[in-house]
Amino acid sequence: MTSTFMPIEIGKRAVDAHQQALNVTGHNLSNASTEGYSRQRVEFTPFEPIYLPGLNREETPGQIGQGTVVERIERLRDQLLDRRIVAQAGGEGYWKTRDPYIRELENIYLEPGQNSIRSKMDEFWNSWQELSLHPADNAPRMAVLERGKTLVDGIHERYNALKRLQDQTDEDIRLTVGRVNDITKRIAALNDDIQKVKAQGDNPNDLLDRRDLLVDKLSSLINLSVDTRDPDEFMLHTGGVVLVQGRIGRQFDIARNTDTGYSDIVWNETREDLEFHNGDHNGSLGALLDLRDHTIQSEIQILDNMTMNFAGLVNEVHEKAYGANGVTGIDFFTEHSFVPNVNGNYDRDGDGEFDSSYIFRVSGTNALEPRAQAGLEGTITLSAADGQRQINYYPTDTVSDIVARINNSGAEVTARINRDGFLTLKGNPAETGASHAANPDFVIRHIEDSGHFLTGYAGLLNAPGAEGSYDWGRADAVSSLRGGAESWELAPIAHPSGWVEVNPALVRDPLSVAAGFGENGRTANPGNGEAAMAIASIRNTEVMVGQFRSFDDYFADSVGRIGLLGEQSERALETQNLIMKQLEEMRQSVSGVNIDEELANMIKYQHGYSAAARFITTVNSMLDTLINRMGV
40 MTSTFMPIEI
50 GKRAVDAHQQ
60 ALNVTGHNLS
70 NASTEGYSRQ
80 RVEFTPFEPI
90 YLPGLNREET
100 PGQIGQGTVV
110 ERIERLRDQL
120 LDRRIVAQAG
130 GEGYWKTRDP
140 YIRELENIYL
150 EPGQNSIRSK
160 MDEFWNSWQE
170 LSLHPADNAP
180 RMAVLERGKT
190 LVDGIHERYN
200 ALKRLQDQTD
210 EDIRLTVGRV
220 NDITKRIAAL
230 NDDIQKVKAQ
240 GDNPNDLLDR
250 RDLLVDKLSS
260 LINLSVDTRD
270 PDEFMLHTGG
280 VVLVQGRIGR
290 QFDIARNTDT
300 GYSDIVWNET
310 REDLEFHNGD
320 HNGSLGALLD
330 LRDHTIQSEI
340 QILDNMTMNF
350 AGLVNEVHEK
360 AYGANGVTGI
370 DFFTEHSFVP
380 NVNGNYDRDG
390 DGEFDSSYIF
400 RVSGTNALEP
410 RAQAGLEGTI
420 TLSAADGQRQ
430 INYYPTDTVS
440 DIVARINNSG
450 AEVTARINRD
460 GFLTLKGNPA
470 ETGASHAANP
480 DFVIRHIEDS
490 GHFLTGYAGL
500 LNAPGAEGSY
510 DWGRADAVSS
520 LRGGAESWEL
530 APIAHPSGWV
540 EVNPALVRDP
550 LSVAAGFGEN
560 GRTANPGNGE
570 AAMAIASIRN
580 TEVMVGQFRS
590 FDDYFADSVG
600 RIGLLGEQSE
610 RALETQNLIM
620 KQLEEMRQSV
630 SGVNIDEELA
640 NMIKYQHGYS
650 AAARFITTVN
660 SMLDTLINRM
670 GV
């Protein structure tokens with residue numbers, strides 16, 4: 040049997056429901072500008088009716104309704120779209136972080152320009168050209184020294200700028216790791232709070248918004264994937280490894296790399312390295328690692344390679360020539376070897392005994408004619424970043440053919456025929472990202488020839504085959520080389536572009552700057568400018584600066600390379616921004632607060648509230664008549 044006062048209860052439920060709906064509308068309006076907020080909607084449902092099916096139900100027609108209640112307050116969110124944004128945010132974070140650094144690289148190079156290294160090197164070559172015309176005068180020698188010092192200063196300036204940029208990326212890596220750890224902790228803490236709210240049967244909408252916002256921020260920092268298969272345990276993965284699992288958030292840590300002096304990222308609890316694969320979806324942290332360990336490091340190595348070859352080629356001529364004071368055997372640029380041992384012996388494993396040989400350049404002892412056919416067949420094996428490269432040669436190949444084949448093989452060794460006609464092999468910088476201990480810069484690690492091109496023909500190795508090979512993994516490896524100590528050059532101290540200088544002995548006595556070659560052991564004639572001309576001609580000679588045939592090729596490649604990096608970065612960032620803008624607009628259309636819509640809802644709920652209140656007033660009047668006006 041229904042109660043006389045049941046209409047009052049129906050009206051009260053309606054008032055409560057519409058008041059709660061108005062509160063939610065006010066909550067939406069007040070958070071219209073809140074980052075990460077998702078609009079919420081009240082879902083009404085009829086209250087449980089009287090007289091459910093049963094044997095004891097009253098004989099009344101149909102079920103009697105008891106008004107409305109709020110079933111739940113639900114936030115509007117597209118989970119599929121959220122996952123797309125999380126997956127895409129890493130690409131935007133990657134290029135947004137990378138682009139400013141690439142702009143800074145462009146500013147460092149200043150190529151082409153009056154203050155660029157290329158301009159200073161051109162002036163340096165021109166000064167040698169001038170000295171070749173006036174070898175007996177002191178003024179051209181002073182010009183050579185001054186322009187040499189200006190060039191060296193320019194090289195130092197570029198190296199220091201690149202090094203500062205690399206140091207800055209390392210600092211940003213440490214700061215970004217701290218941000219990742221902080222966000223990870225906050226997500227894990229929110230997971231705990233969310234589960235507690237859900238356990239009470241409520242919807243933790245605002246907490247879910249805060250967690251989703253943190254996930255968005257984290258996905259722009261690192262490569263991230265969301266796993267919601269278990270509704271009771273929210274999980275995040277990075278690189279296929281669990282980062283957050285429920286209330287547990289794993290932490291990153293920083294470990295100093297003894298090879299590079301920079302920071303490696305490791306898992307805090309296991310101390311294992313965290314693997315970040317190169318790509319466009321690794322977020323800001325991946326971009327910083329890529330910049331520090333590959334892009335900027337590669338630029339430093341290329342500069343080091345140019346400097347090492349440039350200084351070596353000038354010294355190669357200058358030490359054999361004579362100054363105006365009759366002095367010879369002086370290098371124009373200072374050279375500092377990585378090891379003091381004349382044979383390049385080095386204790387790499389630190390056990391107190393020599394176990395390696397650090398040699399940068401080796402030369403043959405037989406003069407070769409580049410256009411002559413070798414008439415030999417065999418396979419040359421040289422060290423490479425990923426192991427070794429094998430270069431086959433055949434009887435019909437000319438010396439130039441074999442040299443070109445070596446330079447195009449991908450080995451970390453380049454070949455050239457020097458001005459005396461001898462074959463010269465030089466070590467290149469190692470592949471970026473490789474362990475310095477396992478693959479140091481400017482170190483030849485292996486030379487082997489199954490035939491006789493490098494042995495009897497070029498006079499570089501003593502014997503063919505593996506037993507006659509040169510291998511850096513043993514002490515006194517130079518014993519396999521045919522020439523004496525003058526046929527090899529020791530590997531330099533790291534980063535020659537940071538320490539190369541004009542020889543102080545020449546600065547103290549400019550007359551020692553060599554201009555001419557002697558003959559039959561006699562000093563050069565005062566009017567002999569052949570050595571100065573030979574140095575000036577290095578400018579356009581194929582000297583194999585790494586994979587570049589000449590210094591002009593090196594500078595042309597530098598301009599093109601940096602320009603392409605800038606163009607790639609600009610276009611990729613623009614593309615990523617457009618994609619993210621489209622996705623964000625799609626999400627806002629679903630989850631964003633629409634002021635007009637909320638105002639319309641507010642009027643609707645207000646009218647519903649007024650109608651429920653009028654209903655209660657009417658019922659109250661009826662009850663007043665029934666109770667107070669009947670009887671007597």
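With positions in the sequence shown counted from 1, the corresponding number in the working numbering is that position plus 39. Each residue gets a CB set at the ideal place from its N, CA and C atoms; glycine is no exception.
Per DSSP, the continuous beta strand (DSSP E) segment holding Ala554 begins and ends at Ala553 to Phe556.
In this structure, Thr223 places its C-beta atom within 8 angstroms of the C-beta atom of Val283. Around Arg180, the same chain offers Pro549 and Val552 as residues with beta carbons nearer than 6 angstroms, after the five sequence neighbours per side are excluded. Straight through space, the alpha carbons of Asn177 and Arg547 are spaced by roughly 13 angstroms.
Taking each of Asp255, Pro434, Gln102 and Gly104 in turn and checking the Cα distance to Tyr76, the smallest one comes out for Asp255.
At the C-beta level, Gln205 and Arg331 come within 8 angstroms of one another.
Short of 8 angstroms from the beta carbon of Glu82, and not among the five residues preceding or following it, lie these beta carbons of its own chain, in chain order: Val109, Glu110, Arg111, Ile112 and Glu113. In this structure, Ala514 places its C-beta atom within 8 angstroms of the C-beta atom of Asn384. Taking 3 residues as the shortest admissible run, the segment 581-649 contains no complete beta strand (DSSP E) segment at all. In the DSSP annotation of this structure, the continuous segment of the alpha helix (DSSP H) that includes Lys202 starts and ends at Ala178 to Ala238.
Membership of Tyr432 in the beta strand (DSSP E) is indicated by the continuous run Gly426 to Tyr432. Take Gly647, set aside five residues on each side of it, and the residues of its chain with a beta-carbon closer than 6 angstroms to its own are His57, in chain order. About 5 angstroms separates the Cβ atoms of Phe654 and Gly50, confirming a contact at the 8 angstroms cut-off. By the Cβ neighbour-count rule, Met661 is exposed, with fewer than 16 other Cβ atoms within 10 Å of its own.
Taking 8 angstroms as the cut-off, the Cβ atoms of Ala450 and Ala477 do not count as close.
Going by C-alpha positions, Lys202 is about 8 angstroms away from Ile335. Taking the C-beta atoms as reference points, Ala530 is found nearer than 8 angstroms to Phe481. Given a length threshold of 3 residues, each whole run of the beta strand (DSSP E) inside the segment 241-269 is given here in chain order: 264-266.
As a beta-bridge residue in DSSP terms, Gly466 pairs with Val452. Distances from the alpha-carbon of Gly403 to those of Ala411, Thr367 and Arg521 put Arg521 closest. Beta-bridge analysis with DSSP links Asn384 to Ser396. Fewer than three pairs of CB atoms, one per stretch, sit closer than 8 angstroms, so the segment 486-496 makes no contact with the segment 347-364. Note on His485: 16 or more other CB atoms within 10 angstroms of its CB, so buried under the neighbour-count rule. The alpha carbon of Asp231 has as its nearest neighbour, out of Asp271, Asn262 and His357, the alpha carbon of Asp271. In this structure, Val381 lies away from Ala411, with their beta-carbon atoms at least 8 angstroms apart. For Ile124, the uninterrupted alpha helix (DSSP H) run begins and ends at Gln118 to Tyr148, by DSSP. If one requires a minimum length of 4 residues, the alpha helix (DSSP H) runs lying completely within the segment 494-578 are 543-547 and 569-575, in chain order.
For Phe349, the uninterrupted alpha helix (DSSP H) run begins and ends at Ile335 to His357, by DSSP. Around the Cβ of Pro479, a 10 Å sphere holds 16 or more other Cβ atoms; the residue is buried.
One alpha carbon belongs to Gln127, the other to Val191, and they sit about 45 angstroms apart.
Annotated three-state conformation of Phe291 is strand, per DSSP. Within a 10 Å sphere around the beta-carbon of Glu74 sit fewer than 16 other beta-carbons, which makes this residue exposed.
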